[in-house]
Structures are given as structure tokens and as C-alpha cells.
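**Q** Dropping the structure in here first, questions after.
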Amino acid sequence: MSNELLNEVTFFVLSIFVGIEVISKVPTILHTPLMSGTNAIHGIILVGAIVIAAGASSPVTIILGLVAVTLATTNVVGGFVVTDRMLEMFKGRAGRAQGAQQNQSPKPAAPVTPTK
Amino acid sequence: MNTVIAIAYLVAAVCFILGLKQLSSPKGARNGNFIAAVGMVIALVATLPLLHFTRAGLIIIAIGIVIGGAVGAVGARMVKMTAIPQMVALFNGVGGGAAALVAVAELLRFGQHPAFAEAFPSVFSIVIGSVSFAGSMVAFAKLQELMTGTPITYPGQQIVNGILAAAILGFVIAVLAVASIPFSFLSLMVLALVLGVAFVLPIGGADMPVVISLLNAFTGLAVAASGFTLNNFALIVAGTLVGASGSLLTKLMSDAMGRSLANVLFGAFGQTHAGAAAAAGKEGRSVRSASAEDIGTLLAYSQRVIIVPGYGLAVAQAQHAARELAELLEKRGVEVTYAIHPVAGRMPGHMNVLLAEANVPYEQLKEMDEINDEFKNADVALIVGANDVVNPSARNAPGSPIYGMPILNADQAKNIVFMKRSMRPGFAGIDNDLMYDAKTVMFFGDAKDSLTKLVSAVKAA
Numbered sequence: 000m001s002n003e004l005l006n007e008v009t010f011f012v013l014s015i016f017v018g019i020e021v022i023s024k025v026p027t028i029l030h031t032p033l034m035s036g037t038n039a040i041h042g043i044i045l046v047g048a049i050v051i052a053a054g055a056s057s058p059v060t061i062i063l064g065l066v067a068v069t070l071a072t073t074n075v076v077g078g079f080v081v082t083d084r085m086l087e088m089f090k091g092r093a094g095r096a097q098g099a100q101q102n103q104s105p106k107p108a109a110p111v112t113p114t115k
Numbered sequence: 000m001n002t003v004i005a006i007a008y009l010v011a012a013v014c015f016i017l018g019l020k021q022l023s024s025p026k027g028a029r030n031g032n033f034i035a036a037v038g039m040v041i042a043l044v045a046t047l048p049l050l051h052f053t054r055a056g057l058i059i060i061a062i063g064i065v066i067g068g069a070v071g072a073v074g075a076r077m078v079k080m081t082a083i084p085q086m087v088a089l090f091n092g093v094g095g096g097a098a099a100l101v102a103v104a105e106l107l108r109f110g111q112h113p114a115f116a117e118a119f120p121s122v123f124s125i126v127i128g129s130v131s132f133a134g135s136m137v138a139f140a141k142l143q144e145l146m147t148g149t150p151i152t153y154p155g156q157q158i159v160n161g162i163l164a165a166a167i168l169g170f171v172i173a174v175l176a177v178a179s180i181p182f183s184f185l186s187l188m189v190l191a192l193v194l195g196v197a198f199v200l201p202i203g204g205a206d207m208p209v210v211i212s213l214l215n216a217f218t219g220l221a222v223a224a225s226g227f228t229l230n231n232f233a234l235i236v237a238g239t240l241v242g243a244s245g246s247l248l249t250k251l252m253s254d255a256m257g258r259s260l261a262n263v264l265f266g267a268f269g270q271t272h273a274g275a276a277a278a279a280g281k282e283g284r285s286v287r288s289a290s291a292e293d294i295g296t297l298l299a300y301s302q303r304v305i306i307v308p309g310y311g312l313a314v315a316q317a318q319h320a321a322r323e324l325a326e327l328l329e330k331r332g333v334e335v336t337y338a339i340h341p342v343a344g345r346m347p348g349h350m351n352v353l354l355a356e357a358n359v360p361y362e363q364l365k366e367m368d369e370i371n372d373e374f375k376n377a378d379v380a381l382i383v384g385a386n387d388v389v390n391p392s393a394r395n396a397p398g399s400p401i402y403g404m405p406i407l408n409a410d411q412a413k414n415i416v417f418m419k420r421s422m423r424p425g426f427a428g429i430d431n432d433l434m435y436d437a438k439t440v441m442f443f444g445d446a447k448d449s450l451t452k453l454v455s456a457v458k459a460a
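Protein chains in written order, with numbering that gives the first Met the number 0: chain Y, 0 to 115; chain R, 0 to 460.
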């Protein structure tokens, strides 16, 4: 196993644990936005799509690159925007509930008790 | 990989982790999404200087970003809140497709005999990415009602899917060992696409969000695999984060429905059991229905009213009418709360999003565990477009497909007002005994019209 591959495997394994740990206490109310947010993050494949598209020269690679970049960009942009739209509603309401002093005071306590 | 890029990728990875962390707490969720987006931009910008662009490469990247950006932004902006689930499915599917194509391009570049360490992740990414793409498109079609939303089953379905999976495995081995690349990986892709469709077909109704979440995790893994192919750390870390957190989220979602993931995926929800449940349902039972005036009076002179919103409310865009009714009742001194089932709407948390949109105060939204003991003190349980989440067969009919799912104790309220378009069964396709309960009155009609009628009736009362 080459050094680079070994490093990659290390990152892979550690990321599994971080991924599980970091969302372990998500309340039900946020399941949909969280799914949508993680959906946007795997749009990182756009980096890969750009890498393969950059060197495209033959018709096959040009088509592959074009389609991959288009799909990946849709994933990134759509994913983040739709997540933001969902969360905007929570925030908008919290702001109004706070009335005039919304800027100084902290947001209201968690709207729901987290499950578990 | 030079140092600047390595550090940029590290910063991006930290952004993703912090973003996920904040996304899972109500306070910082929106901020978290923003941080993750910043991480994405950092990773993208850092990648560019490393590349040698051909003229064609530059052009296709520009075209792809413009088209994809426009489709993504417009699609996400225009979509109605009720259609969010299928939108997430769509965005997930295109990500899976992109991951598969990236792997294909890399395999082509490796030539005839790629090293195992390069061929294996590519093939993995092609298979998982294609399954995710095809499965997500079917999920989209089902939720968008381009095809029937109920499970599609046929005899021997599991066997056919098993054979498909085995064929894919065979091809994977062929590609890795024999490596006559062009044809074997094309066949592999086609098989994986077919498997993706076949895998989602038997799933329907309330289970779709769980499947979308699972496919989301799949795409994450495909992206991570493409990262191994390209030796790109950003892809490996971000993809794996999504794969891991997405898998956990999938489990949390099926837990919220009181079912195991295996049961969701292979149980053919609402189809195999529906026959039994329908047969058991006593036909010809009568239901009581009431006029808006009767119900208006009942509500106006109650002390405690619990509103149970469901997907019907979302479809009719009745969340504003519901809030209006609630405010009117509160002015008369009636205590109003909303009972939110974890899977109300079409996705967990969906109902909270919709009610938040209508400016319903947070304090009135109660989760199931919090409110279930309150129903017995409630004068009226007002069920608006919900069905399966209050169906007592989840408690007492072991043969029912939703048996074991925790439900709201709406049946314990002193009066039950069941607002529904028709007697049609709910998402799970099963009859609801609560509609025949002696304490229940039905109020038929579109949720929004009905609520508006109730508002005027309460005003008059």
C-alpha cells in the first residue's frame, strides 16, 4: 500500500467517525434540512468533475466532462439554496418573535426538545 | 498535491464539519448551511490553479457551471415548500450521476490495465453513483406524481433484485480482474441503473423520505470513492462525512417511524399487507359528519384544542388558515397547540417547516412525546389532513403495515374533528378506525376551504 493510499484510508476512516458523531443529537425538526444540507455537501463532486473536464480533449471526455460539471453544479447550487430556503423560515419567525430587540438578544431557546 | 491546496482542503473539511454540527441544532442551522457553502467555495477555488485546462475543457466547464447553476438556483427558488422532498431527491440524484461519470472518465484515462487501488474505487463509484441516480429519479417521479406513489410489486421481486445485484457483483469482478474496460463498465453502469430503479419501485408512501436519505448517503460514498480514484482529499473527506452522517440520519428516520431499515426497504409497505388490512376493515360502517357551524361552536366553547396537521394541510397550503383559526380561538381564551408527529408531512420535520412559514409561534408546536399525555385533557382534537399518524391500528392491529409506529393519541380527546378531503385512505393505503369512532365527526373538503369556513363559523359563534 502506497503512502498516499494509506493517508487516504486514514482520512476515510476518521471521517466516518466524525460524520456519525457530529450529527448524533439532531432533533426531528431538523431531519429534513440536515438531509438537504448533507445533500449539498456531496456536491463537492464538482471539484472532481472540474478536474476531469479541465483536460478534456476527445469527444468522449468532452461530453463526460460537460455532463458531470452540469450535474454537479446543479447539486451544489440547488442543494445549498433549497436548504437555506427551509431554514430561512425558522429564522424569520424567531426574529419576529423577538420583536424590536432581536439584534441584541440571543435567539429564543431551542424550539423543540431534542430527541434523546 | 502542493501545500496551499492541502491547507485549503483542510479548511474546507473543517467548514463542512462545523456546518454539519450547526445544522443539527435549531439555533445555528442556517449559519451551518452557510459555513458549509463557504467550505465548498474554498475547495473549488483552491482546485483551479492546479489544473491545466485545454480550450475545450475551459468551455465545457463554463457552460456546465452556467447551466447547472441556473437550473439549481431557479429550481430551488421556485419550488413550493410542499415539493421540497422531491427536489432533494433530484439534487441528490444528479450528484450521484456526476460521481459515476467522474469515475468513468478516470477509468478511461487509466487505460486497459489500471492498478487495483485505482480500478476498485472507480468501479464502486460507478455502481453506487448509478444506483443513487436512478433510484433518486424514481423517487422524484413518485413524489411528483409522474408515476404512482404506491409501492410497485410483483411476484419474485426480491429474487429479481438479488439476481441484478449478483450480476453487478460478477461484472465488478470481471472489470477488476479481466479489465476489458469499455464494454464491461458500460454494462455495469446499465445494470446499476436498472438496479436503482428496481430497488425503489417497491417502496412508496411514507417511506420515501427514508429511501431518499439512504440514497443521499449512497451518493456521499460514491463521491468518496471518486475521491480515491482522483487522489483528492476534499472529495474523500466530504463524501465520507455525508456517507456516515447520512446513514445515521436514515436510521434515525426509520426509528422515528418505529420500524427497522430492513423493513422499510424490503417490507413493500402498504401493498402486501394492504389487502389483509382492507379485508379486515369492516365495510359499510357509518361515519358522522357535521356542518361548519356545529364544529365552529364546538371549538369556540372548548378550553383546549389540539390541532393535528398532516400532509393534507400542506398540499392545500392551509397553514395560514390554520394559524388564523388558532389565533381567533386564542382570542376567545381557548388554549391551542399543534401536535407534530415526527413523520407528519412527507419528511420528518416537514410540518415544522410549513407551520414556521405561516408564522405559527414555536411554543405552540409540540412534539409527540410532549403532547401525547395532553390529549386526554383536550376538548377537541382537530385533525387537518393527517391520517396514518393518528391511526389506532398502529397500536392494536399486528397485521397492519404501520403496526408499531408510534402515533398521536388523538383518540383520547373528548371530541375528534376529522377534516379530510374524502374517505380515501392515507399515504399508507389503509383504513383508519378513528374515522368510525363514536367521538369523531368528519368534516369533508379541501383543508384550506374547510378551515376558512371554520374561521367564519367561530367568528359567528
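The C-beta atom is built at its ideal place from N, Cα and C for all residues, glycine as well.
Given the structure is predicted, the values throughout are model-derived calculations rather than measurements.
#1: Taking 7 Å as the limit between beta carbons, can you name the residues of its chain near Y:PRO32, skipping five residues before and five after?
#2: Given that R:LYS20 touches chain Y, what residues does it touch there, using C-beta distances under 7 Å?
#3: If I measure Cβ to Cβ from R:VAL335 and keep anything under 7 Å in the same chain, skipping five residues before and after, which residues do I get?
#4: Is the beta carbon of R:THR81 less than 8 Å from the beta carbon of R:ALA313?
#5: Sorted by chain position, which residues of the same chain lie with C-beta nearer than 6 Å to R:ASN431's C-beta, five sequence neighbours on each side aside?
#6: Can you give me, in chain order, the residues of the stretch 1 to 20 of chain Y that have a beta carbon less than 7 Å from any beta carbon in chain R?
#7: Between Y:ALA99 and chain R, is any beta-carbon pair separated by less than 8 Å?
#8: Locate the beta strand (DSSP E) running through R:THR336, then write down its first and last residues.
#9: Relative to chain Y, which residues along the stretch 32 to 46 of chain R have a C-beta separation below 7 Å, given in chain order?
#10: For R:PRO113 and chain Y, any beta-carbon pair shorter than 8 Å?
#11: Leaving out five residues before and five after R:GLY155 in sequence, what residues of the same chain have Cβ atoms less than 6 Å from its Cβ?
#12: Can you tell which of R:PHE227, R:VAL130, R:GLY204, R:GLY238 has its C-alpha closest to the C-alpha of R:MET188?
#13: Using a beta-carbon distance cut-off of less than 8 Å, what residues from the stretch 81 to 93 of chain R approach chain Y?
#14: Which value, in whole angstroms, describes the spacing of the CA atoms of R:ILE62 and Y:THR69?
#15: Excluding five sequence neighbours on each side, which residues of the same chain lie with their C-beta closer than 6 Å to the C-beta of R:VAL440?
#16: What's the gap between the Cα of R:ILE211 and the Cα of R:PRO400?
#17: Short of 8 Å in beta carbon distance, which residues of its chain neighbour R:ASN91, apart from the five on each side in sequence? Order them along the chain.
#18: Considering only residues of the same chain and omitting the five flanking positions on each side of R:ALA357, which have a CB-CB separation below 8 Å?
#19: Can we say the stretch 112 to 126 of chain R touches the stretch 224 to 236 of chain R, given the rule of at least three CB pairs closer than 8 Å?
#20: Considering only residues of the same chain and omitting the five flanking positions on each side of R:VAL199, which have a CB-CB separation below 7 Å?
#21: What residues in its chain sit with their C-beta under 8 Å from that of R:ILE294, if we drop five residues either side in the sequence?
#22: Of all the options R:ASP368, R:MET350, R:ALA221, which has the alpha carbon lying nearest to the alpha carbon of R:VAL383?
#23: Contact criterion: CB-CB distance below 8 Å. Does R:LEU264 meet it with respect to chain Y?
#24: Secondary structure at Y:PRO32, three-state DSSP: helix, strand or coil?
#25: So which residues of chain Y does R:LEU50 contact, with C-beta pairs closer than 8 Å?
#26: Taking Cβ positions only, does R:GLY444 come closer than 8 Å to chain Y?
#27: Buried or exposed for R:GLU105, please, with buried defined as at least 16 other CB atoms from any protein chain shown within 10 angstroms of its CB.
#28: Excluding sequence positions up to five away, which residues of its chain have a Cβ less than 7 Å from the Cβ of Y:PHE79?
#29: On the DSSP bridge list, what partners appear for R:ARG303?
#30: Beta carbons nearer than 9 Å to chain Y: which residues of the stretch 224 to 238 of chain R have them?
#31: Taking a Cβ distance cut-off of 9 Å, strictly less, list which residues of the stretch 186 to 216 of chain R are near chain Y, in chain order.
#32: Helix, strand or coil, according to DSSP, for R:ILE382 in the structure here?
**A** Quick answer:
#1: Mapped onto the first sequence, residue 32 of chain Y falls at position 33. Hits under 7 Å: THR82, MET85, LEU86.
#2: Here residue 20 of chain R is taken as the residue at index 21 of the second sequence, counted from 1. Contact of R:LYS20 with chain Y by beta-carbon distance below 7 Å involves VAL21.
#3: Numbered from 1 along the second sequence, position 336 holds the residue referred to as residue 335 of chain R. If we look at R:VAL335 and ignore the five residues flanking it on each side, its Cβ neighbours are VAL304, ILE306, ALA325, LEU328, GLU329, GLN363.
#4: For the purposes of this step, residue 81 of chain R is taken as residue 82 along the second sequence, with counting starting at 1. For the purposes of this step, residue 313 of chain R is taken as residue 314 along the second sequence, with counting starting at 1. Their beta carbons are under 8 Å apart, which means R:THR81 touches R:ALA313 by this criterion.
#5: For the purposes of this step, residue 431 of chain R is taken as residue 432 along the second sequence, with counting starting at 1. Result list for R:ASN431: ASN386, ASN390, in chain order.
#6: Per Cβ criterion, the list reads GLU3, LEU4, GLU7, PHE10, PHE11, SER14, ILE15, VAL17, GLY18, ILE19.
#7: For the purposes of this step, residue 99 of chain Y is taken as the residue at position 100 of the first sequence. For Y:ALA99, the pLDDT reaches just 35, beneath the cut-off of 50, and the residue's location in the model is therefore unreliable, although a value from the coordinates is still provided. No - not a single Cβ of chain R is within 8 Å of the one on Y:ALA99.
#8: Along the second sequence, one-based indexing puts residue 336 of chain R at 337. If you look at R:THR336, you'll find it in the beta strand (DSSP E) that goes 334 to 339.
#9: Against chain Y - using a Cβ distance shorter than 7 Å - the residues of the stretch 32 to 46 of chain R are ASN32, ALA35, ALA36, MET39, ALA42, LEU43, THR46.
#10: Stepping through the second sequence from its first residue, residue 113 of chain R is reached at position 114. Chain Y, which has no Cβ nearer than 8 Å to the Cβ of R:PRO113, makes this no.
#11: Working through the second sequence from its first residue, we reach residue 155 of chain R at position 156. None.
#12: To locate residue 188 of chain R, count along the second sequence from 1; it is residue 189. Ranking the options by Cα distance to R:MET188, first place goes to R:VAL130.
#13: Residues of the stretch 81 to 93 of chain R with a C-beta atom less than 8 Å from some C-beta of chain Y are ILE83, PRO84, MET86, VAL87, LEU89, PHE90, ASN91, VAL93, listed in chain order.
#14: Looking up residue 62 of chain R in the second sequence gives position 63. Looking up residue 69 of chain Y in the first sequence gives position 70. Rounded to whole angstroms, the separation of the alpha carbons of Y:THR69 and R:ILE62 is 8 Å.
#15: Residue numbering aside, residue 440 of chain R sits at position 441 when the second sequence is read from its first letter. Counting only Cβ-Cβ distances below 6 Å, and skipping sequence neighbours, we find ARG287, ALA289, VAL416.
#16: Start at 1 with the first residue of the second sequence, and residue 211 of chain R comes out as number 212. Start at 1 with the first residue of the second sequence, and residue 400 of chain R comes out as number 401. Looking at the backbone, the Cα of R:ILE211 and that of R:PRO400 are separated by about 20 Å.
#17: For the purposes of this step, residue 91 of chain R is identified with residue 92 of the second sequence, where counting begins at 1. Taking C-beta separations shorter than 8 Å and ignoring five residues to either side along the sequence, the partners of R:ASN91 in its chain run SER131, SER135, ILE211, LEU214, ASN215, THR218, following chain order.
#18: Locating residue 357 of chain R in the second sequence gives position 358, where the first residue counts as 1. Within the same chain, R:ALA357 has close Cβ partners GLN318, HIS319, ALA321, ARG322.
#19: The stretch 224 to 236 of chain R and the stretch 112 to 126 of chain R touch, with three or more beta-carbon pairs separated by less than 8 Å.
#20: Walking along the second sequence from the start, residue 199 of chain R turns up at place 200. Contacts found: GLY134, VAL137, ALA138, VAL210.
#21: Counting from one through the second sequence, the residue named residue 294 of chain R turns up at place 295. Cβ neighbours of R:ILE294 within its own chain (closer than 8 Å, five residues either side excluded): VAL416, VAL440, PHE442, LEU453, ALA456.
#22: For the purposes of this step, residue 383 of chain R is taken as the residue at position 384 of the second sequence. In terms of Cα proximity to R:VAL383, the closest of R:ASP368, R:MET350, R:ALA221 is R:MET350.
#23: For the purposes of this step, residue 264 of chain R is taken as the residue at position 265 of the second sequence. Against chain Y, the CB of R:LEU264 has no partner CB under 8 Å away; the residue lies outside that interface.
#24: Locating residue 32 of chain Y in the first sequence gives position 33, where the first residue counts as 1. Secondary structure at Y:PRO32: helix, using DSSP grouped into helix, strand and coil.
#25: Residue mapping note: residue 50 of chain R aligns to position 51 of the second sequence, counting from 1. Under the 8 Å cutoff, chain Y gives ILE49, VAL50, ALA53, GLY54.
#26: Start at 1 with the first residue of the second sequence, and residue 444 of chain R comes out as number 445. Judged by the 8 Å Cβ criterion, R:GLY444 is not in contact with chain Y.
#27: Position 106 of the second sequence holds residue 105 of chain R. Buried is the call here.
#28: Counting from one through the first sequence, the residue named residue 79 of chain Y turns up at place 80. Closer than 7 Å at Cβ, skipping near neighbours: ALA39.
#29: Indexing the second sequence from 1 puts residue 303 of chain R at position 304. Bridge partners of R:ARG303: R:GLU334.
#30: Listed by position along the chain: SER225, GLY226, PHE227, THR228, LEU229, ASN230, ASN231, PHE232, ALA233, LEU234, ILE235, VAL236, ALA237, GLY238.
#31: Result list: PRO208, ILE211, SER212, ASN215, ALA216.
#32: Against the second sequence, residue 382 of chain R aligns to sequence position 383. In the structure shown, R:ILE382 adopts extended strand secondary structure according to DSSP, grouped into three states.
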